[in-house]
Every structure is written in structure tokens, then in C-alpha cells.
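Numbering (this note's numbering), first residue to last: 1270 to 1576. C-beta: ideal position from N, C-alpha, C; glycine also. Keep in mind that this is a model prediction, so the values were computed, not measured. Working notes for the structure below.
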């Protein structure tokens, strides 16, 4: 009887031990809280200039609001105040760079583009220095979107006056090393550095049932790309960069490092007539065959919203 009593106690003790171990393992699987940034592309958002002021279309220019397929970011920084110098805030991300093409440049092959309402950046909140951050700095690098263009010409004796769709890949980072890139269906080889404002365009118009695939490239004038920074007077950004700046809603973004749930921020980018050209024919339609030169592809403002 004594042996049987001892065995029962042993089994009971073993059961308690196993239950405790199992419970402890379950607690270890809790997920950490993250700062999550999501893109939103808004063609109705206010159109701003470099200083963050309302920007009507310049005389002799025209623009359209593209339909975005994707955007990539090169740099993410939280700034405590409006006087925090660029690079002195909490730097959360900096994309890969290379000197393969000569001068230092963003390495396009290691960039990832994200679409509308998609997450483009995530990091554990415990890895960010606790504090209150009033501003977000976001350096944009690459964008891909669909635009419309107008053809007014005669082909094989047939007059064509029609609007067509095309896809444009544009590079708005300070400098980008590109091996090759795919616009929509066509891939172009570059193997060189390209300054801010380089772009590639692809279209496949159809006439009389015949498709005509076509690609071309171009370069916006130096310094013409809009980079919205309301802190220009107290915290300027280098010329040729694309560090867009915006403030968080009233009270700023508070991070303690002890959060138990994600902080999700909607990063809304104004695409309001962000694709801009100089008119040759004053009709508000982009007609590249008429020599209408692309001059600006910069995002026209940024707003932040805590979701």
C-alpha cells in the first residue's frame, strides 16, 4: 500500500510540473509591439510647394494626378521638434547605398516598393528611444504610376486624336545606381548612376487593331523636383534630396518603449497633379510627341494620421 501511495504522489507532482512548463511556454510566445507605417496616395490632398505652402499650377504648365502602383522609401527619421537638425532625431531606417556607379547612390536593386494602403516600414517600438516626436522625415526614392498622354498626329494617312495610357517609373532620390528596372512589361538596362528626376516611360498604343510597344526615357531639370519641407527655415534638407517632412497630429507621437500593441501611422502623400510638364499646346493634356517636357514628379505634401 505504501508503494502505491508513493506512485500516486509522483504522478500528481509530474502533472503539476508539466502543466507549469506548458503555461510558461505559452506566455513566451507573446508578440512585440511595432511602429507600423502605411502608404496612402491621395489625389485630392492639398497641393503644396517646397515650403509647405499651397501651390497653384505655374503659368504655362499643366499636370495630372497619376494612378500609383508603388513607392519606395530610402530613409525614415523621427524628429523631436521643428529645430531638430536632419540626422539628429531617431533614425529608424536607411536603405542600402553603393559607389558602384561612381559617387554614392541608393542601390535600387535592394529597394522594395509598396502600394496604396500597404505597409512600407515596421520596427519594434522597444528599439526606438522613448520620447515625444513631433515630426516625421521620409526620404522617397522610387515611384511607379500610370499616366495618360495625348496623341494628335497622322499615321499611314489616318488622323489620330486620342488619349492613351502609359506607365512611368521615376527616380526621385538624390542619386540612384540602377542595373536595370522594369517599367510595366519592359525592362531597361542602365548600369549607371541616375540623378533625381530620371524616368522611364512605357506604353502600348493600338491603331487599327495593331499594337505598338514603345519605351523612352527622360530627365527632369536639376532642382525641379518638389520636396515639401515646412521646416525649411529651422531644419533644411540637402539640395537634390527628397526628404519630405510632416508633423504628427496635436500632441505628437509618444513612445515609451513599453507599448503592448502596435502604433500604426497612415502616411498620406499628396499626388495632386504631382506629374507636371511644360505645355506646348495649352489643352491640359500631356503630349510628349509635341515636345511637352516633364519638369516635376515630386510628391506634393505629406499628412500623418494615427490609426
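Residue 1299 classed as buried or exposed, judged by whether at least 16 other C-beta atoms fall within 10 angstroms: On the chain shown, residue 1299 is found 30 positions in, with the first residue counted as 1. Note that residue 1299 scores a pLDDT of 49, beneath 50, so its modelled location is shaky; the value from the coordinates is reported in the next line. Classification of residue 1299: exposed, given that the 10 Å Cβ count is below 16.
Which word fits residue 1292, buried or exposed, when buried means at least 16 other C-beta atoms lie within 10 angstroms of its C-beta? Stepping through the chain shown from its first residue, residue 1292 is reached at position 23. Only weak support exists for where residue 1292 lies, its pLDDT of 41 falling under 50; the value from the coordinates is given anyway. Under a 10 Å Cβ-count criterion, residue 1292 is classified as exposed, with fewer than 16 other Cβ atoms of the shown protein chains found around its own Cβ.
Near residue 1485, what residues of its chain come up, given a Cβ to Cβ distance below 8 Å and the 5 sequence neighbours on each side ignored? As a position in the chain shown, residue 1485 is number 216, starting the count at 1. Excluding sequence neighbours, residue 1485 sits near 1469, 1470, 1557.
Three-pair Cβ contact test at 8 Å for the region 1361 to 1371 versus the region 1336 to 1349: Yes, the region 1361 to 1371 touches the region 1336 to 1349.
Between residue 1458 and residue 1440, what straight-line distance do the alpha-carbon atoms span, to the nearest angstrom? By 1-based counting over the chain shown, the position of residue 1458 is 189. By 1-based counting over the chain shown, the position of residue 1440 is 171. Those two C-alpha atoms are separated by around 15 Å.
Can you look up residue 1276 in the DSSP assignment and give me helix, strand or coil? As a working mapping, residue 1276 is identified with position 7 in the chain shown. Here the model assigns residue 1276 a pLDDT of 41, short of 50, so the residue's position is not dependable, and the following value carries that caveat. Here DSSP, grouped into helix, strand and coil, assigns residue 1276 to helix.
Which same chain residues, not among the five before or five after residue 1498, have their C-beta less than 6 Å away from its C-beta? Stepping through the chain shown from its first residue, residue 1498 is reached at position 229. These residues qualify, in order along the chain: 1506, 1514.
Measure the C-alpha to C-alpha separation of residue 1570 and residue 1478 and round it to an integer number of angstroms. Mapped onto the chain shown, residue 1570 falls at position 301. Mapped onto the chain shown, residue 1478 falls at position 209. Approximately 41 Å between the Cα atoms of the pair.
Is the beta carbon of residue 1555 sitting closer than 9 Å to the one on residue 1419? As a first step, residue 1555 is located in the chain shown; it is residue number 286 there, counting from the start. As a first step, residue 1419 is located in the chain shown; it is residue number 150 there, counting from the start. In contact: residue 1555 and residue 1419 (Cβ atoms closer than 9 Å).
In the DSSP assignment, find the beta strand (DSSP E) that holds residue 1393 and state where it starts and stops. Counting from 1 along the chain shown, the entry for residue 1393 is found at position 124. Residue 1393 -> beta strand (DSSP E) spans 1388 to 1393.
Take the Cβ of residue 1290 as the centre, count every other Cβ of all protein chains shown within 10 Å, and call the residue buried at 16 or more, exposed below. The residue given as residue 1290 occupies position 21 in the chain shown. Residue placement at residue 1290 is flagged as unreliable, the pLDDT there being 43, under the threshold of 50; the coordinate-derived value follows with that caveat. Burial call: exposed.
Is it right to say residue 1510 is buried, meaning 16 or more other beta carbons lie within 10 angstroms of its own, or is it exposed? Along the chain shown, one-based indexing puts residue 1510 at 241. With 16 or more other Cβ atoms within 10 Å, it is buried.
Reference residue 1433; option with closest CA among 1460, 1476, 1381, 1449: Residue mapping note: residue 1433 aligns to position 164 of the chain shown, counting from 1. Closest option to residue 1433, Cα to Cα, is 1476.
Do residue 1408 and residue 1533 have their CB atoms nearer than 9 Å? In the chain shown, counting from the first residue as 1, residue 1408 sits at position 139. In the chain shown, counting from the first residue as 1, residue 1533 sits at position 264. No. Outside cutoff.
What is the rounded straight-line gap between the Cα of residue 1338 and the Cα of residue 1414? Here residue 1338 is taken as the residue at index 69 of the chain shown, counted from 1. Here residue 1414 is taken as the residue at index 145 of the chain shown, counted from 1. Those two C-alpha atoms are separated by around 5 Å.
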